[in-house]
Ligand code: ADP
Ligand code: TRP
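Numbering (the working numbering), first residue to last: 72 to 392.
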């Protein structure tokens with residue numbers, strides 16, 4: 072079984088990205104053959120500055136390596152090192168109706184937030200389809216917001232297979248972990264870079280403390296019992312605590328005497344503990360850009376081999392001899 076996922080190198084990574092996608096991706100190395108890449112071409116839809124794209128791509132690479140990407144067992148590369156994907160993107164564009172792209176939520180969301188529409192943003196799902204179909208992916212682990220893109224990939228693949236009367240493309244399935252499908256941010260809305268409500272993974276203790284202390288709560292006093300059910304601190308704590316720890320926390324909420332600041336301190340310590348082992352590894356790679364570049368090239372070579380052979384098959388079936 073082939074599992075494939077891409078992550079956009081769009082700045083620092085937060086715990087929503089981690090629990091929604093990255094962790095699942097890393098864990099899936101035990102379930103099948105993992106193909107994971109840094110979506111540098113996709114990032115061009117939002118990052119229009121050379122230094123930012125380079126820095127964010129490097130950060131994404133070292134984050135994944137620190138978090139346990141096994142580059143021997145899996146195939147890990149940066150999207151623009153395997154150019155076949157752009158050829159497939161063009162071919163697939165001719166099997167993608169305008170209506171399909173016009174219905175894309177993520178495009179509609181972005182334009183309604185004032186991001187100016189251009190062809191890259193509009194055709195983004197076709198490039199994503201090319202990523203997925205080029206590697207005959209079976210499973211695509213994604214957050215909820217990406218499900219529609221995987222469904223569009225299936226539609227494009229079905230249309231192509233139908234046109235050429237051949238099962239050229241494998242139909243992928245999106246895999247969403249319902250339990251952590253949407254990680255709430257510090258204000259209770261979906262955690263997202265764009266909402267300024269994140270708790271970042273690799274950041275200074277000072278920043279992380281500020282983010283955790285900024286979690287929005289009601290204004291109950293120390294001597295009042297509190298409700299954990301609808302509390303943002305509790306909702307985020309669920310990601311880091313086991314059942315016993317959560318029961319204990321519930322009791323603390325129900326017993327007057329402690330304030331939200333105390334629960335925030337408990338959560339902060341939990342988060343720091345959780346990510347400490349990864350921080351050391353990340354530091355190692357951050358000091359060794361050449362080693363990181365070589366690792367990505369090693370992955371790209373493996374990916375290119377598969378992509379080249381798939382493209383030969385595709386060119387043949389469409390008549391690009
Ligand atoms: P952001 O919303 O911060 O810009 P991205 O859109 O770059 O995050 O998301 C990268 C990946 O992380 C996607 O697969 C997305 O579904 C997942 N993801 C992002 N935010 C969350 C969240 N709050 N909960 C669960 N998954 C998330
Ligand atoms: N669109 C995805 C995101 O924003 C990133 C991505 C690009 C991707 N190509 C992919 C994810 C292929 C899964 C499969 O998160």
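Yeah, the Cβ is synthetic: ideal placement off N, Cα and C, and Gly gets one too.
Selection from the options that minimises the alpha carbon distance to residue i
| i | options | result |
| --- | --- | --- |
| residue 338 | 354, 151, 316, 93 | 316 |
| residue 73 | 293, 357, 210 | 210 |
| residue 131 | 272, 241, 174 | 272 |
| residue 307 | 292, 295, 336 | 336 |
| residue 176 | 220, 227, 283 | 220 |
| residue 342 | 278, 384, 375, 358 | 278 |
| residue 255 | 79, 89, 330 | 89 |
| residue 205 | 119, 102, 334, 107 | 107 |
| residue 149 | 208, 233, 372, 110 | 110 |
| residue 294 | 261, 329, 267 | 329 |
| residue 281 | 199, 191, 267 | 267 |
| residue 104 | 264, 128, 145 | 145 |
| residue 178 | 238, 117, 228 | 117 |
| residue 140 | 122, 76, 239 | 76 |
| residue 355 | 123, 97, 78, 136 | 136 |
| residue 203 | 157, 383, 301 | 157 |
| residue 386 | 352, 321, 231 | 231 |
Per-residue DSSP class, three states only, for residue i
| i | result |
| --- | --- |
| residue 271 | strand |
| residue 149 | strand |
| residue 260 | coil |
| residue 191 | helix |
| residue 186 | coil |
| residue 76 | strand |
| residue 109 | strand |
| residue 229 | helix |
| residue 283 | helix |
| residue 335 | helix |
| residue 138 | coil |
| residue 104 | strand |
| residue 317 | helix |
| residue 212 | strand |
| residue 391 | coil |
| residue 119 | coil |
| residue 376 | helix |
| residue 220 | helix |
| residue 163 | helix |
Closer than 7 Å: residue i CB and nearest ligand 2 heavy atom
| i | result |
| --- | --- |
| residue 76 | yes |
| residue 93 | no |
| residue 247 | no |
| residue 342 | no |
| residue 100 | no |
| residue 151 | no |
| residue 166 | no |
| residue 110 | yes |
| residue 79 | yes |
| residue 233 | no |
| residue 97 | no |
8 Å contact criterion, which residue i and residue j should meet: CB distance rounded
| i | j | result |
| --- | --- | --- |
| residue 288 | residue 304 | 6 Å |
| residue 142 | residue 369 | 6 Å |
| residue 167 | residue 197 | 5 Å |
| residue 264 | residue 151 | In fact, because the Cβ distance is near 22 Å, the residues do not count as touching under 8 Å. |
| residue 194 | residue 234 | With a Cβ gap of about 19 Å, residue 194 and residue 234 do not count as contacting. |
beta-carbon residue i near ligand 1 non-hydrogen atom, thresh 7 Å
| i | result |
| --- | --- |
| residue 216 | yes |
| residue 265 | yes |
| residue 85 | yes |
| residue 182 | no |
| residue 291 | no |
| residue 179 | no |
| residue 309 | no |
| residue 253 | yes |
| residue 118 | no |
| residue 221 | no |
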